[in-house]
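Working notes for the structure below.
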Amino acid sequence: MADYLDATRIRGLAKRLDLRPSKGRGQNFLFDANTVRRIVGLAGIGDDDVVLEIGPGLGSLTVGLLHTPARVVAVEIESALAEQLPLTMADLVPGAVDRLTVVEADALRVSADDLPVAPTMLVANLPYNISVPVILHILATFPSITRGLVMVQLEVADRLAAPPGSKVYGVPSAKLAWYASASRVGIVPASVFWPAPNVESGLVGFTCREAPTGVDRESTFALIDAAFSQRRKMLRSVLTGKYGKGVRAGLDEAGINPEARGETLSIEDFARLARCLAD
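The sequence shown begins at 23 in my numbering and counts up one residue at a time.
Written out as structure tokens, the structure reads:
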């Protein structure tokens, strides 16, 4: 469609900006309108939502977001892209550009003070190399976010959505579960990106929930890191180096088998154990 960024327009914009897609920053630009509409539809954006988009790049997804009635706040680290985005949107969706705010900032350091309004959703095509840290930073920084949908490398999508006990359940799975319940809701082929990445992408939808109570996030996350630092070892062994001889008593108090491994514990288990180890 004329009001979406197709491959020709993407390449034209990149040439005009003298932009060479960077692997270091995970720059793979989406050019398929059907995929954009699919992402926006799966996100379930409401009329009153404020959508936070991280790394809009040339604006492929931004166009789709502005086709909804929602307000969009786009955080872009590169000055040239941040300056161009409103111009591109004014050309493609002129009636919606007043609902777009572009913030030039690093997504790993962006704070509530950087944004003009509190976001209610996160919808983004995230750079592969920093996707997990970005998601965790955004959810920690903006408690106003209630739900969202992110596109990440397929392998990462599976890890983020993995339940306890699965082969790919690990640190990203457990830490995301502190904030939200998540599931993989789709796969996006490499062929709809320019340049095409070497792997497929996955769509992860999430709904935020109340965090475990009675223990702080930092203590729980430190425990998660320790539990997965030697994945094949039993918790009794792997945690002793960090928490000392009190590990066995803490595991007993928390009702957790000392021979269990970290991959079998839910976020509630980790939080309960962190509380017991802190006593």
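All residues carry an ideal CB built from backbone N, CA and C; glycine is no exception.
These numbers were taken from a predicted model, which means no experiment stands behind them.
- Remark: C-beta atoms of Leu-225 and Val-214 do not approach each other more closely than 8 Å.
- Of the candidates Ala-129, Thr-142, Arg-121, Ala-129 places its Cα closest to the Cα of Ser-153.
- Annotated three-state conformation of Asn-147 is strand, per DSSP.
- Bridge partners of Gly-227 according to DSSP: Leu-171, Ser-205.
- Between Ala-102 and Val-124, the gap from beta carbon to beta carbon reaches 8 Å or more.
- Per the C-alpha coordinates, the member of Gln-106, Asn-151, Gly-263 positioned closest to Ala-244 is Gly-263.
- Between the beta-carbon of Val-193 and that of Asp-247 there is about 6 Å, and that keeps the pair under the 8 Å contact cut.
- In the DSSP assignment, Ala-96 falls outside any alpha helix (DSSP H) and lies within the beta strand (DSSP E) extending over 93-98.
- Residue pairing from DSSP leaves Thr-90 without any beta-bridge partner.
- Rounded to whole angstroms, Leu-64 and Pro-141 show a C-alpha spacing of 18 Å.
- DSSP places Glu-275 inside the alpha helix (DSSP H), whose first and last residues are 269-276.
- DSSP places Thr-142 in no beta strand (DSSP E); its state is neither H nor E.
- Looking from the CA of Thr-90, the closest CA among Gln-252, Gly-272, Ile-167, Val-115 belongs to Val-115.
- Sequence-distant partners of Ile-61 (beyond 5 residues in either direction) whose C-beta falls short of 6 Å from its own C-beta are missing from its chain.
- With contacts defined as CB atoms closer than 8 Å, Val-145 and Glu-100 fail to qualify as a contacting pair.
- Pairing Tyr-191 with Gly-79, the inter-Cα distance amounts to about 31 Å.
- Counting along the chain, the unbroken alpha helix (DSSP H) around Leu-257 starts and ends at 257-265.
- Straight-line measurement puts the Cα of Trp-216 at about 13 Å from the Cα of Val-210.
- In the displayed model, Phe-215 falls within a strand according to three-state DSSP.
- By the Cβ neighbour-count rule, Asp-40 is exposed, with fewer than 16 other Cβ atoms within 10 Å of its own.
- Counting C-beta pairs closer than 8 Å gives three or more between the region 171-190 and the region 220-234, which meets the contact rule.
- In this structure, the CA atom of Arg-294 is about 9 Å from the CA atom of Gly-277.
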